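*Asks:* Which chain is which? The protein sequence lines are F and X, in order. Residue numbers for the first sequence, in this note's numbering: 1 to 728. Residue numbers for the second sequence, in this note's numbering: 1 to 204.
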Amino acid sequence: MNKSKDNDQTFVIKILDDLRSNNRSKPLRMHYDTSMISSNDSLLLSNKRRRSCSPDLQESMLTPVTSPWESRRIKQELVNARAEIASLQERNKTLFNLKKESDILFEKEKSALEHNINKSKLMIDQLDNRLKEIRYEKSNLKEENDSLMKKLESLVEENKRWTSNLEKENKELEDKLTSVTSELTKYQNESVSRNCTDYELNELKKTLRSNEKYIEELTSNLRKKQIEINTLENDQVKMNTANQRIKCLENELASLQENAMVVNAQREKLKRFNSMENELVSLREEVAIYRNDVKQTEVLENKVATLESKLNKHELIEKEAMQLRSNLAVSEDRLKAWIDVCREVCENVTESQCYPEYLRYYVDNLKKKDLFLVNEKGELQTNIARLELKLKQMEVELLKAKEQIVIGTNNNNKNELIIKRLKKQIYIITWERNDLRELLDSFQKEVTVIGNINGEDTKMEVLEKAINGYKSRMNQIETDPSMYVPTDNNKRWIEEKNVLLKEKEELINKCKQLEEKCSDLNDQIDHRALKGDFNLKETKVLHYKMNPASEGFNHYQNELAKAKQEIEKLKERIKAMNEGISMNLTQVVDNRVETNASQEVEGLKEKLKSQEIQNQRLREVFKKSSQEFRESVYTLLGFKVDGLQNNMYRLTSQFAFHEEDNLMFQLNEGSMHLLETPFSKTIEEMIALHLGQQRSIPVLLSSLTIDLFSKQSMIMTADSTRLESAIN
Amino acid sequence: MATKQQSQNAITLKGSAKLVMDYLNFGINSILFQRGIYPPESFKTEEHFGLSILVSTDTKIQQFLQPVLNQMKDWLLEQKIQKMSMVISNVNTKEVMERWDFKLQYEGSGDSNPDSVGNKELSIIQKEIRDVLRQICSTVSFLPLLDCPCAFDLQIYTKPDVDVPQEWSETAPSYIANSQELQLRSFSTSLHRMDTVVSYKADF
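(1) Curious, which full-length alpha helix (DSSP H) runs of at least 4 residues does the stretch 106–166 of chain X contain?
(2) Does the Cβ of Trp-75 (chain X) have 16 or more other Cβ atoms within 10 Å, making it buried, or fewer, making it exposed?
(3) Chain X partners of Thr-539 (chain F), CB-CB under 8 Å?
(4) Specify the secondary structure class of Met-664 (chain F) as computed by DSSP and reduced to three states.
(5) State yes or no: is the C-beta of Leu-32 (chain X) within less than 8 Å of the C-beta of Ser-56 (chain X)?
(6) Quick one: which unbroken alpha helix (DSSP H) runs of 4-plus residues sit fully inside the stretch 350–424 of chain F? Chain order, please.
(7) Buried or exposed for His-192 (chain X), please, with buried defined as at least 16 other CB atoms from any protein chain shown within 10 angstroms of its CB.
(8) From Glu-137 (chain F) to Lys-108 (chain F), what distance separates their C-alpha atoms?
(9) Measure from the alpha carbon of Glu-551 (chain F) to the alpha carbon of each residue in X:Gln-34, X:Pro-40, X:His-48, X:Phe-64, then state which is nearest.
(10) For Leu-691 (chain F), which residues of its own chain have a beta-carbon under 8 Å away from its beta-carbon, when the five flanking residues on both sides are left out?
(11) Output the distance between the C-alpha atoms of Glu-172 (chain F) and Thr-595 (chain F), rounded to the nearest integer angstrom.
(12) Name the DSSP beta bridge partners of Glu-170 (chain X), please?
(13) Taking C-alpha atoms, which residue in X:Val-197, X:Ser-186, X:Gln-66 lies nearest to Met-21 (chain X)?
(14) When the Cβ atoms of the stretch 526–535 of chain F are set against those of the stretch 168–179 of chain X, are three or more pairs found closer than 8 Å?
(15) Reducing DSSP to helix, strand and coil, say where Ile-715 (chain F) ends up.
(16) Is Ala-17 (chain X) close to chain F, meaning its C-beta is less than 8 Å from at least one C-beta of that chain?
(17) In the structure shown, what three-state DSSP assignment does Gln-58 (chain F) receive?
(18) On the three-state DSSP scale, how would you describe Lys-80 (chain X)?
(19) Specify the secondary structure class of Ser-626 (chain F) as computed by DSSP and reduced to three states.
(20) Can you tell me the Cβ-Cβ gap for Tyr-200 (chain X) and Pro-144 (chain X), rounded? I've got them flagged as a contact below 8 Å.
(21) Would you call Cys-148 (chain X) buried or exposed, if buried means 16 or more other Cβ atoms sit within 10 Å of its Cβ?
(22) Roughly how many angstroms lie between the CA atoms of Lys-540 (chain F) and Asp-163 (chain X), to the nearest whole one?
(23) Against chain F, which members of the stretch 170–191 of chain X pass a CB distance test of less than 8 Å?
(24) List the residues of chain F that Phe-26 (chain X) touches, going by C-beta distances under 7 Å, in chain order.
(25) Could you tell me whether the Cβ atoms of Phe-235 (chain X) and Ile-125 (chain X) are closer together than 8 Å?
(26) Hey, is the stretch 114–125 of chain F in contact with the stretch 198–210 of chain F, meaning 3+ C-beta pairs nearer than 8 Å?
(27) Quick one, which residues of the stretch 544–564 of chain F are near chain X if we go by CB-CB under 9 Å, in chain order?
(28) If you draw a straight line from the alpha carbon of Ile-384 (chain F) to that of Gly-378 (chain F), how long is it in whole angstroms?
(29) As a quick exercise: from X:Gln-183, X:Leu-146, X:Arg-134, pick the residue whose alpha carbon is nearest that of Ile-23 (chain X).
(30) Taking buried to mean at least 16 other C-beta atoms within 10 Å of its own C-beta, is Gly-638 (chain F) buried or exposed?
(31) Can you pull out the residues from the stretch 45–68 of chain X whose beta carbon lies closer than 8 Å to at least one beta carbon of chain F?
(32) Can you pull the chain F residues whose beta carbon is under 7 Å from the beta carbon of Phe-230 (chain X), in chain order?
(33) Given that Leu-154 (chain X) touches chain F, what residues does it touch there, using C-beta distances under 7 Å?
(34) Would the beta-carbon of Glu-98 (chain X) fall within 8 Å of that of Val-198 (chain X)?
(35) Quick one, are the C-beta atoms of Lys-459 (chain F) and Glu-438 (chain F) less than 8 Å apart?
(36) Is Gln-565 (chain F) near the ligand HEM, going by C-beta to nearest heavy atom under 7 Å?
If you want it as structure tokens, here you go:
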């Protein structure tokens with residue numbers, strides 16, 4: 001029994017464990033189990049009781065019989081005991097039956113539980129499998145998701161780039177379009193006067209059309225891309241739904257595993273729910289109160305801020321007031337000082353006359369006097385300067401006179417020396433004369449005495465010798481400068497002669513040098529002429545256009561170009577062959593060469609660039625000229641003319657009081673129409689007069705200008721009069 | 001009698017011009033042959049001035065030379081020409097390899113009167129021309145070899161007041177860097193004097 005009981009208990013525990021793991025119908029079974037435990041306990045108790053009975057019986061059997069009463073009593077007791085035994089046995093039987101029944105029940109219960117266990121095990125297995133499947137699916141989906149996400153991201157990025165590029169291009173093109181359209185409108189206005197611009201306009205239109213086509217293409221591309229993006233977004237949404245499904249399944253699983261626990265917890269929480277609700281209500285009320293508080297505090301803070309700003313302003317005003325007061329005090333002091341000064345300066349003045357005008361008058365008088373004095377001073381200074389100049393001149397003259405005196409004394413000295421020499425010469429000459437006279441006398445004597453020819457010869461010889469001696473002496477005198485008496489004329493002549501001689505020598509040298517140069521240059525010219533040099537000014541170099549050399553050059557150039565083309569073709573052919581193209585090789589090569597005609601493309605690009613530059617320059621020039629035109633119109637006519645869209649023109653007068661005071665005109669089929677503006681409503685009379693009756697816009701504009709000008713000048717004069725009155 | 005004698009022996013201006021042009025024609029032809037600018041098969045021998053001269057049979061050359069020389073003759077009679085250069089240049093690089101200068105000087109009265117008459121005998125003039133042509137032929141011995149495809153051009157140095165026909169155009173003068181020159185003999189018809197100079201690239 002005990003063993004079976006033990007077995008039963010472990011079995012029950014097992015079942016309990018299983019049920020715990022299963023977490024289903026737990027409370028029911030728990031109830032059942034407790035009943036089972038209680039029945040077993042009752043069985044245990046009955047068995048114990050039986051055991052406790054059996055030792056009593058054995059004791060009564062063993063005791064010896066002493067008396068009949070006693071034996072009777074004993075017999076009675078025995079009968080009782082036997083009856084008790086019989087009842088006990090019956091009870092035992094019933095208990096046994098009960099036990100059997102309970103055993104059967106237990107077995108039944110057990111089998112049912114085992115069945116349940118198997119069922120639940122199967123369920124668990126199924127769930128495990130499902131879990132595995134779901135996990136596997138989940139991982140697959142995750143991978144797919146990742147890959148799709150990557151693809152999607154890349155696609156989205158690409159699309160973004162594309163779209164951004166397209167948008168940029170679109171914007172640029174739109175800008176271009178707008179600029180071109182604006183230019184076009186401008187050009188159209190000027191087209192009558194400018195035929196050349198017309199031509200450019202056509203070109204611009206063409207470019208515009210091409211641009212528009214391009215824009216359309218781009219927009220269609222954009223649409224396609226957007227459609228692609230939409231499909232991708234749909235894919236993404238699908239992906240998201242799949243992810244969500246996976247998450248749902250996971251969540252279901254988690255909920256399956258945790259549901260029981262949650263239910264328990266929920267029950268406990270449910271018990272607390274009422275109290276919590278109460279708490280919640282109270283807390284909500286608190287929150288509402290706090291919110292109110294916060295709002296109030298904000299309002300108060302705002303008020304505080306405004307008050308602080310006001311306070312700051314007031315403080316500033318107070319400071320200013322203080323400063324003004326101090327300034328006032330200072331200026332009053334100054335005024336007093338000025339009045340004092342006035343009184344001091346102008347002695348005959350009462351306090352009531354102490355006006356700045358009087359002071360000014362006084363000061364002006366003083367200034368005039370000062371000016372007069374300054375003029376006098378200047379005159380005196382000029383006199384002084386003149387006198388000083390005279391003094392200087394006199395000094396210079398004095399110096400010159402002194403120099404002349406010195407020169408005169410020098411001349412005197414020289415003259416004295418000359419006189420001395422002349423005296424010497426006179427002395428010598430007189431001596432010679434005397435000598436010659438003596439000689440003549442002697443000759444006469446000799447002639448008279450001798451009177452023959454031989455004697456005459458000797459005399460002649462002597463005389464000749466004397467003459468020679470005189471000649472030599474003359475030479476001596478001529479060569480000896482000390483003996484020579486220089487005269488001014490002679491000196492000059494000799495000096496001039498020397499100078500001329502020198503000049504002559506120099507000129508001869510120069511002439512020689514030039515001759516050498518000339519010959520050198522002639523040689524060089526000859527050499528150069530040999531080398532093929534010629535006078536560029538006096539020659540024209542002509543040749544026949546169709547000469548063999550130029551033909552040869554052209555031929556060579558053509559051949560070179562051909563060879564280059566062939567090389568390119570062959571290169572392409574080699575490339576193609578390397579790439580493994582064997583079909584239609586020449587055709588492929590030709591196509592490639594044509595597409596690779598980069599020279600043409602470059603040429604066209606350059607042309608395009610130059611065209612663009614030209615366009616830009618034209619635009620700049622146009623802008624500048626239009627700006628100038630507008631400015632000149634503004635200064636000449638007094639109206640700022642703004643050209644708006646739809647042939648609208650906005651005119652703003654130079655004398656307008658506000659910028660919004662403007663007139664709008666619309667050009668419609670060659671005639672201008674005034675549009676209504678807030679400003680035009682204010683001048684309805686004028687419009688009725690000039691437009692309604694006179695039908696002339698210029699008259700309206702000019703009368704408007706005059707009106708505005710007079711109004712503004714009125715205001716100006718009013719201001720000025722007010723100012724003047726204030727001053728007075 | 002004396003005037004007749006003179007007229008028989010003398011040469012007119014037109015005749016002088018024709019002689020000069022003949023000289024240029026044969027000079028150019030023999031240079032083309034001697035310098036190997038055109039294949040020797042395209043030349044044939046002709047007898048001129050008592051010399052057998054090789055003249056090109058290439059129609060292109062003839063078509064080029066004839067109008068040029070005719071035009072030159074006109075200019076020569078108007079005394080507009082200073083000199084004529086035959087430029088031989090490399091076709092590939094346009095580099096000038098050789099230049100033959102035929103310099104003209106006008107002798108005689110100095111005005112372009114068509115009736116002016118020279119006083120030199122034709123035979124003497126022809127002898128002088130022959131000598132120069134011979135000298136041209138002998139220059140091959142020292143002129144450097146032209147080892148590249150070459151072409152030639154005729155540049156005429158005229159006075160600036162000349163009328164330029166449609167087929168003609170102005171061009172830049174050709175110079176040879178590092179040139180060496182050789183003056184050949186000159187001849188004179190007593191109305192025109194012709195100096196011939198060849199410049200060539202000096203080998204260093």
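Idealized CB from N, CA, C, for every residue including glycine. A quick note: this is a predicted structure, and the numbers were derived from the prediction, not measured.
*Replies:* With the given structure in hand:
(1) If we require 4 residues or more, the alpha helix (DSSP H) runs fully inside the stretch 106–166 of chain X come out as 122–138.
(2) Your numbering for residue 75 (chain X) matches position 75 in the second sequence. Buried, because 16 or more other Cβ atoms sit within 10 Å of the Cβ of Trp-75 (chain X).
(3) Mapped onto the first sequence, residue 539 (chain F) falls at position 539. Residues of chain X with a Cβ closer than 8 Å to the Cβ of Thr-539 (chain F) are, in chain order, Gln-82, Tyr-157, Thr-158, Lys-159, Pro-160.
(4) By one-based count along the first sequence, residue 664 (chain F) stands at place 664. Under the three-state reduction of DSSP output, Met-664 (chain F) falls in the strand class.
(5) As a working note, residue 32 (chain X) is residue 32 in the second sequence. As a working note, residue 56 (chain X) is residue 56 in the second sequence. Contact flag set, yes.
(6) When DSSP assignments are scanned along the stretch 350–424 of chain F, no uninterrupted stretch of alpha helix (DSSP H) that is 4 or more residues long falls wholly within it.
(7) Position 192 of the second sequence, counting from 1, holds the residue named residue 192 (chain X). His-192 (chain X) is buried by the Cβ-count criterion.
(8) Within the first sequence, residue 137 (chain F) is the residue found at index 137, counting from 1. Within the first sequence, residue 108 (chain F) is the residue found at index 108, counting from 1. Rounded to whole angstroms, the gap between the alpha carbons of Glu-137 (chain F) and Lys-108 (chain F) is 43 Å.
(9) Sequence index remark: in the first sequence, residue 551 (chain F) carries index 551 (1-based). The residue with the shortest Cα to Cα distance from Glu-551 (chain F) is X:Phe-64.
(10) Counting from one through the first sequence, the residue named residue 691 (chain F) turns up at place 691. Taken in chain order, the residues that qualify are Leu-674, Ile-697, Leu-700.
(11) By 1-based counting over the first sequence, the position of residue 172 (chain F) is 172. By 1-based counting over the first sequence, the position of residue 595 (chain F) is 595. Approximately 28 Å between the Cα atoms of the pair.
(12) If you number the second sequence from 1, residue 170 (chain X) lands on position 170. Paired residue(s): F:Leu-542.
(13) As a working note, residue 21 (chain X) is residue 21 in the second sequence. When each option's Cα is compared against that of Met-21 (chain X), the closest is X:Gln-66.
(14) Contact holds: three or more Cβ-Cβ distances are below 8 Å.
(15) Along the first sequence, one-based indexing puts residue 715 (chain F) at 715. Shown here, Ile-715 (chain F) sits in a helix according to DSSP, grouped into three states.
(16) Counting from 1 along the second sequence, the entry for residue 17 (chain X) is found at position 17. No, no contact with chain F.
(17) Along the first sequence, one-based indexing puts residue 58 (chain F) at 58. The predicted model places Gln-58 (chain F) with a pLDDT of 48, which falls under 50 and marks its position as unreliable; any figure quoted below should be read in that light. Looking at Gln-58 (chain F) - three-state DSSP - the assignment turns out to be helix.
(18) Here the question's residue 80 (chain X) lines up with position 80 in the second sequence. DSSP places Lys-80 (chain X) in coil when its eight states are reduced to three.
(19) The sequence position of residue 626 (chain F) within the first sequence is 626, counting from 1. In the structure shown, Ser-626 (chain F) sits in a helix (DSSP, three-state: H, G or I).
(20) Mapped onto the second sequence, residue 200 (chain X) falls at position 200. Mapped onto the second sequence, residue 144 (chain X) falls at position 144. Yes, Tyr-200 (chain X) and Pro-144 (chain X) are in contact; Cβ-Cβ is about 6 Å, under 8 Å.
(21) Translated into the one-based positions of the second sequence, residue 148 (chain X) becomes position 148. Burial state of Cys-148 (chain X) is exposed, judged by a 10 Å Cβ sphere holding fewer than 16 other Cβ atoms.
(22) Counted from its first residue, the first sequence places residue 540 (chain F) at position 540. Counted from its first residue, the second sequence places residue 163 (chain X) at position 163. In a straight line, the C-alpha of Lys-540 (chain F) is about 11 Å away from that of Asp-163 (chain X).
(23) Those residues of the stretch 170–191 of chain X that come within reach of chain F (Cβ to Cβ, closer than 8 Å) are Glu-170, Thr-171, Ala-172, Pro-173, Ser-174, Tyr-175, Ile-176, Ser-179, Glu-181, Gln-183.
(24) For this step, residue 26 (chain X) is matched to residue 26 along the second sequence. Within 7 Å Cβ-Cβ: nothing; Phe-26 (chain X) doesn't reach chain F, min ~18 Å.
(25) Here chain X covers residues 1 to 204 and nothing more, so residue 235 (chain X) does not appear.
(26) Note that the stretch 114–125 of chain F does not touch the stretch 198–210 of chain F; fewer than 3 beta-carbon pairs, one per stretch, sit closer than 8 Å.
(27) Those residues of the stretch 544–564 of chain F placed with their C-beta closer than 9 Å to a C-beta in chain X are Tyr-544, Lys-545, Met-546, Asn-547, Pro-548, Ala-549, Ser-550, Glu-551, Gly-552, Phe-553, His-555, Tyr-556, Leu-560, ordered along the chain.
(28) As a working note, residue 384 (chain F) is residue 384 in the first sequence. As a working note, residue 378 (chain F) is residue 378 in the first sequence. One Cα belongs to Ile-384 (chain F), the other to Gly-378 (chain F), and the distance between them is close to 10 Å.
(29) Your numbering for residue 23 (chain X) matches position 23 in the second sequence. First, the amino acid is wrong: residue 23 (chain X) is Tyr here, not Ile. Its Cα nearest to that of Tyr-23 (chain X), the residue X:Arg-134 stands out among X:Gln-183, X:Leu-146, X:Arg-134.
(30) Here residue 638 (chain F) refers to the residue found at position 638 when the first sequence is read from its first residue. So Gly-638 (chain F) counts as buried.
(31) Listed by position, the residues of the stretch 45–68 of chain X near chain F (Cβ gap below 8 Å) are Lys-60, Ile-61, Phe-64, Pro-67, Val-68.
(32) Coverage of chain X is limited to positions 1 through 204, which leaves residue 230 (chain X) absent and any answer about it impossible.
(33) Within the second sequence, the letter at position 154 stands for residue 154 (chain X). Near Leu-154 (chain X) (Cβ distances below 7 Å), the residues of chain F are His-543, Tyr-544, Asn-547.
(34) Counting from 1 along the second sequence, the entry for residue 98 (chain X) is found at position 98. Counting from 1 along the second sequence, the entry for residue 198 (chain X) is found at position 198. It is a contact, given that the beta carbons lie within the stated cut-off.
(35) Translated into positions along the first sequence, residue 459 (chain F) becomes position 459. Translated into positions along the first sequence, residue 438 (chain F) becomes position 438. For the pair Lys-459 (chain F) and Glu-438 (chain F), the CB atoms are not nearer than the 8 Å cut-off.
(36) Among the components of this structure there are no ligands whatsoever, and the ligand HEM is therefore not found.
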